[in-house]
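Visitor: Residue numbers (the numbering used here): 5 to 739.
What follows is a single structure, and I will ask about it in a moment.
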């Protein structure tokens, strides 16, 4: 008798969300050192067991998990688990797939095979319970023990087992025996994997090498390594170019360039495998030949358990010592030491949202492969708390740490050099800390003054700093030594903002291009009362816009300041960032009222359009702004990043599930290649617009239905629609 499946609602608070450090620590120096977001699911989150053997997605978008204690399904909100009450003879499920007919097939670890055909859309449900039925195939007087399942492009279902391959499972079944053509010829051949190539050949991985079933029915065999204990093929995949990837138990990831499917091929042959050498890694074996990626190329182990090419073209490789990624030129890998829940990888799969799913003995992991790439201390930052971020004139991205470290990005990782400020120097909250002027000079901002470093520069490597060449304090015209902001306009004029705990020290100072003469501006000149400058921007007409710490924005034009306040539609609160976009509009961010777009910048009454939580922002406390090449605005706040499309008003939110290790964003910039960079309290994060996935809502399902207090049968795992209901005249209350 079937009973209701075990249901467990997924709780984000209890789910282990681990952001994996994807740095490379082992020789020979594999590349790609950055962090990706990994969300881990355990039995405590609702899985039947944390030991997960396989993961797949069905046609409705649900994710299925084969575990050691039942078959679990996640609908995006909660888990439901089916076990022996659903018809399984043993609790441990090894494999699960749904074929194009809609039928589900599951293989248990005792070799038994089960199937279940759910109700079709619109079909009247008479019995809502899930009931898998045992499928039996006999060969040579024995019941076949199954290990793997596969559906080819024609819809033929193949079932591999111990010593046999079953074709057309569930219809006109035929059994093909598998025998080892090389000594020991009496060894039991067990199917471990299957894949179809572009020519229609079916490749079958076994513990005794690789079989290839040609379209005309002839079977060929390839030995990869002759050993008396076996020739362990663990996984198979075909990439977009038609190459066959073989995960092997000793040889690593073997890449085969198949020959034409000719019947004249010998029944068995030794495959010639060459080692891949050098960097970049180029894999181009001649037809009929093979090359191997190994630990020498950066794999964490030569035992490869799974191979998958994701929709972005990346090759992911699971091993017994971690997860690797091959981008076509180099290998990156990730291990427990960097945050994976387990080094032992069972299987890999990709869902409709282009997220990578990884099964392991201690949990299931979901990797947002197209989210933010992250960089922290492990990836070279001098300090994880980043206060500002930018790009040099030579296209080098840099991040300024709260310790005055200047961190330059070399394409893989950051390199840190610290500005040698005087001992005992300190910063105010939210200070800029350092500024790179258009001449390539670095300036250090501190509570003890403003320090100029003529040497260091904006070159491609990390700057080498000597002592400051000059220091500016109150003796040089500053109203206070507490320097908070610095900006140089197109004319070379330097603008300095000071701020301390006492508003009397707040002020705006202008230095001429030679930095010899200082002019201090205050309320009498049109500035807000006792407020420190907190943001600068210059528009196309040469107007200088200045935002202030205690609120308000001023425009400096023709030697005069014009103040704009919330009464003019401008933001309330501290102005945290100003940005001039590609259309010439000014964007202002504040800590109280979100962001605003300002147009007609030279008019007496500029037009202001505000965006806040009412318009979809995650927070009104916005700290940073950037624009991508498509004109979309990125607002970094204390709750992550919001992407606003001004043309449509649509807002897309990015948070910790998208790769941000910390969602308090302090700074942002779009570099010359179009990549977006965000500084946070826990490092730097990069997003490549156009590659990031769009959010998909989980499928909606109906799990219960009552009419006039009477329950109607609904499939226990939920239906997306309920049709053909016949109701009585008194059945008006539907719930």
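For every residue, glycine included, the Cβ atom is placed at its ideal position computed from N, Cα and C.
1. Quick check on the DSSP output: the beta strand (DSSP E) that includes residue 171 runs from which residue to which?
2. Give the single residue among 376, 477, 690, 482 whose Cα lies nearest to the Cα of residue 661.
3. Thinking residue 752 and residue 251 are a contact (beta carbons under 8 Å), I'd like their distance in whole angstroms, please.
4. Please state the DSSP three-state secondary structure of residue 680.
5. Can you look up residue 75 in the DSSP assignment and give me helix, strand or coil?
6. Check each candidate in 54, 678, 511 and name the one with the smallest Cα separation from residue 364.
7. Please confirm whether residue 218 and residue 207 have their CB atoms less than 8 Å apart.
8. Give me the Cα-Cα distance between residue 537 and residue 497, rounded to the nearest whole angstrom.
9. Please look up how many angstroms separate the CB atoms of residue 487 and residue 454, rounded, as I've assumed it's under 8 Å.
10. How do the stretch 345-365 and the stretch 268-282 stand: do at least 3 beta-carbon pairs fall below 8 Å, yes or no?
11. For residue 740 and residue 480, what's the separation of their Cα atoms in angstroms?
12. For the stretch 527-537 against the stretch 501-513, are there 3 or more C-beta pairs whose distance is under 8 Å?
13. Contact defined as beta carbons within less than 8 Å: I believe residue 441 pairs with residue 492. What is the distance between those atoms, to the nearest angstrom?
14. Could you check what DSSP says for residue 383 in three-state terms: helix, strand or coil?
15. Would you report the Cα separation of residue 456 and residue 408, rounded to the nearest angstrom?
16. Taking one C-beta from the stretch 383-391 and one from the stretch 411-423 each time, how about it: are there three or more such pairs within less than 8 Å?
17. Quick check on the burial criterion: 16 or more other C-beta atoms within 10 angstroms. Buried or exposed for residue 188?
18. Cα separation between residue 548 and residue 471?
19. Using DSSP with H/G/I as helix, E/B as strand and the rest coil, what is residue 35?
20. Tell me, please, which residues DSSP counts as bridged to residue 433.
21. Classify residue 313 as buried or exposed, calling it buried when 16 or more other Cβ atoms lie within 10 Å of its own Cβ.
22. Does the stretch 595-603 come into contact with the stretch 612-623, if we say contact requires no fewer than three beta-carbon pairs (one atom in each stretch) closer than 8 Å?
23. How would you call residue 527, buried or exposed, if buried means at least 16 neighbouring beta carbons within 10 angstroms?
24. Could you tell me how far apart the beta carbons of residue 315 and residue 349 are, in whole angstroms, since I believe they sit closer than 8 Å?
25. Restricting to Cα atoms, I'd like to know which of 625, 653, 362, 331 is closest to residue 636.
26. Taking the beta carbon of residue 667 as the centre, do at least 16 other beta carbons fall within 10 Å, making it buried, or is it exposed?
27. What span of residues does the beta strand (DSSP E) with residue 394 cover, start to end?
28. Can you tell me whether DSSP reads residue 507 as helix, strand or coil?
29. Residue 645 and residue 639 look like a contact to me (Cβ under 8 Å); what is the Cβ gap, rounded to whole Å?
30. Would you decide whether residue 587 is buried or exposed? Buried here means 16 or more other CB atoms lie within 10 Å of its CB.
31. Can you tell me whether residue 145 is buried or exposed, with buried defined as 16 or more other CB within 10 angstroms of its CB?
32. To the nearest angstrom, report how far apart residue 288 and residue 261 are at their CA atoms.
33. So, helix, strand or coil for residue 369, using DSSP?
34. Starting from residue 374, trace the beta strand (DSSP E) both ways and give me its first and last residue.
35. Could you check what DSSP says for residue 278 in three-state terms: helix, strand or coil?
36. Give the DSSP-derived three-state secondary structure of residue 235 in the structure shown.
Guide: Considering the structure as presented:
1. On the chain shown, residue 171 is found 167 positions in, with the first residue counted as 1. 168-171 is the span of the beta strand (DSSP E), which, as asked, contains residue 171.
2. Working through the chain shown from its first residue, we reach residue 661 at position 657. When only C-alpha atoms are compared, the closest one is 376.
3. Outside the shown range of the chain, which is 5 to 739, sits residue 752, and nothing can be said about it.
4. Position 676 of the chain shown, counted from the first residue, corresponds to residue 680. Residue state, collapsed to three classes: strand.
5. For this step, residue 75 is matched to residue 71 along the chain shown. Note: residue 75 maps to strand in three-state DSSP.
6. As a position in the chain shown, residue 364 is number 360, starting the count at 1. For the residues 54, 678, 511, the minimum Cα distance to residue 364 belongs to 54.
7. By 1-based counting over the chain shown, the position of residue 218 is 214. By 1-based counting over the chain shown, the position of residue 207 is 203. No, they are not a contact pair.
8. Here residue 537 corresponds to residue number 533 of the chain shown, with the count starting at 1. Here residue 497 corresponds to residue number 493 of the chain shown, with the count starting at 1. Using only the alpha carbons, I get a separation of about 16 Å.
9. Within the chain shown, the letter at position 483 stands for residue 487. Within the chain shown, the letter at position 450 stands for residue 454. About 5 Å; that satisfies the 8 Å criterion.
10. No, the stretch 345-365 is not in contact with the stretch 268-282.
11. The first residue shown for the chain is 5 and the last is 739, placing residue 740 beyond what the model contains.
12. yes
13. Locating residue 441 in the chain shown gives position 437, where the first residue counts as 1. Locating residue 492 in the chain shown gives position 488, where the first residue counts as 1. Contact annotation, residue 441 with residue 492: C-beta distance approximately 5 Å; criterion of less than 8 Å satisfied.
14. As a working mapping, residue 383 is identified with position 379 in the chain shown. Looking at residue 383 - three-state DSSP - the assignment turns out to be helix.
15. On the chain shown, position 452 is the one that residue 456 refers to. On the chain shown, position 404 is the one that residue 408 refers to. Cα-Cα distance, rounded: 13 Å.
16. Enough Cβ pairs lie closer than 8 Å, so yes.
17. Counting from 1 along the chain shown, the entry for residue 188 is found at position 184. It is exposed - the Cβ of residue 188 has fewer than 16 other Cβ atoms within 10 Å.
18. Indexing the chain shown from 1 puts residue 548 at position 544. Indexing the chain shown from 1 puts residue 471 at position 467. Taking the straight line joining both Cα atoms gives about 32 Å.
19. Reading the chain shown from its first residue, position 31 is the one you call residue 35. Low confidence applies here, because residue 35 scores a pLDDT of 43, under 50, leaving its location unreliable and the question unanswered by this model.
20. Counting from 1 along the chain shown, the entry for residue 433 is found at position 429. Answer is none; residue 433 lacks a bridge partner.
21. Locating residue 313 in the chain shown gives position 309, where the first residue counts as 1. By the neighbour-count criterion, in which 16 or more other beta carbons inside 10 Å mark a residue as buried, residue 313 falls on the buried side.
22. Because the criterion of three Cβ pairs below 8 Å is met, the stretch 595-603 and the stretch 612-623 touch.
23. Within the chain shown, the letter at position 523 stands for residue 527. With fewer than 16 other Cβ atoms within 10 Å, it is exposed.
24. Reading the chain shown from its first residue, position 311 is the one you call residue 315. Reading the chain shown from its first residue, position 345 is the one you call residue 349. No, residue 315 and residue 349 are not in contact; Cβ-Cβ is about 20 Å, not under 8 Å.
25. Locating residue 636 in the chain shown gives position 632, where the first residue counts as 1. Nearest C-alpha to residue 636: 653.
26. One-based indexing of the chain shown puts residue 667 at position 663. Buried is the call here.
27. Locating residue 394 in the chain shown gives position 390, where the first residue counts as 1. From DSSP, the beta strand (DSSP E) with residue 394 extends over 390-395.
28. For this step, residue 507 is matched to residue 503 along the chain shown. Residue 507 falls in the helix class under three-state DSSP.
29. Counting from one through the chain shown, the residue named residue 645 turns up at place 641. Counting from one through the chain shown, the residue named residue 639 turns up at place 635. Confirmed, about 7 Å.
30. Looking up residue 587 in the chain shown gives position 583. Answer is exposed; the Cβ neighbour count stays below 16.
31. Along the chain shown, read from residue 1 onward, the residue named residue 145 stands at position 141. Burial check for residue 145: the Cβ neighbour count within 10 Å stays below 16, so the residue is exposed.
32. The residue given as residue 288 occupies position 284 in the chain shown. The residue given as residue 261 occupies position 257 in the chain shown. Roughly 8 Å between the two C-alpha positions.
33. Taking the first residue of the chain shown as position 1, residue 369 is located at position 365. Looking at residue 369 - three-state DSSP - the assignment turns out to be strand.
34. On the chain shown, position 370 is the one that residue 374 refers to. Element bounds for residue 374: n/a, residue is neither H nor E.
35. Taking the first residue of the chain shown as position 1, residue 278 is located at position 274. In the structure shown, residue 278 sits in a strand (DSSP, three-state: E or B).
36. Within the chain shown, residue 235 is the residue found at index 231, counting from 1. In this structure, residue 235 counts as strand in the three-state DSSP scheme.
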